[in-house]
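Chemist: Numbering (my numbering), first residue to last: 41 to 152.
Every residue, glycine too, gets a C-beta built ideally from N, C-alpha and C.
This structure is a prediction, so every number in the text was calculated from the model and none was measured.
(1) So which of 52, 57 and 69 has the shortest CA-CA distance to residue 115?
(2) So residue 2 is in the alpha helix (DSSP H); what residue range does that whole segment cover?
(3) Label residue 103 either buried or exposed according to how many other C-beta atoms from any shown protein chain fall within 10 Å of its C-beta, with 16 as the threshold for buried.
(4) Pick out whichever of 76, 88 and 128 has its Cα sitting closest to the Cα of residue 96.
(5) Residue 58 bridges to which residues according to DSSP?
(6) Taking the alpha-carbon positions, what's the residue 64 to residue 100 distance?
(7) Mind checking which residues open and close the beta strand (DSSP E) that includes residue 127?
(8) Taking the alpha-carbon positions, what's the residue 84 to residue 52 distance?
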């Protein structure tokens, strides 16, 4: 098991992800090809980019739990190209700071 500690943070970067500061984000967590959502995120995470077609295989319950783990501090959430087929009402309610939600290239038929 390899843990990557992010400088200035007490939480490790999730496995399969890269964590870094960027011009637009204090802490950007970028994940690709995950089979499930990360369990935890570094302190101060304000941008989360998850691109993973395997997420479409998760049950609605697993998606709800995974999305609930995204920190309330997130302002930008990018779930593009994850082939998510459905999003239920309330899945993003806890993200009170959310300003940008990218759902491009998913299989959504409707958005609540």
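Modeler: The relevant details are as follows:
(1) Cα-wise, what sits closest to residue 115 is 69.
(2) An answer regarding residue 2 cannot be provided, because it is not within the stretch 41 to 152 covered by the chain.
(3) By the neighbour-count criterion, in which a residue is buried when 16 or more other Cβ atoms sit within 10 angstroms of its Cβ, residue 103 is buried.
(4) 76
(5) Per DSSP, 70.
(6) 31 Å
(7) Taken as a continuous stretch (DSSP letters only), residue 127 belongs to no beta strand (DSSP E), as it is neither H nor E.
(8) 12 Å
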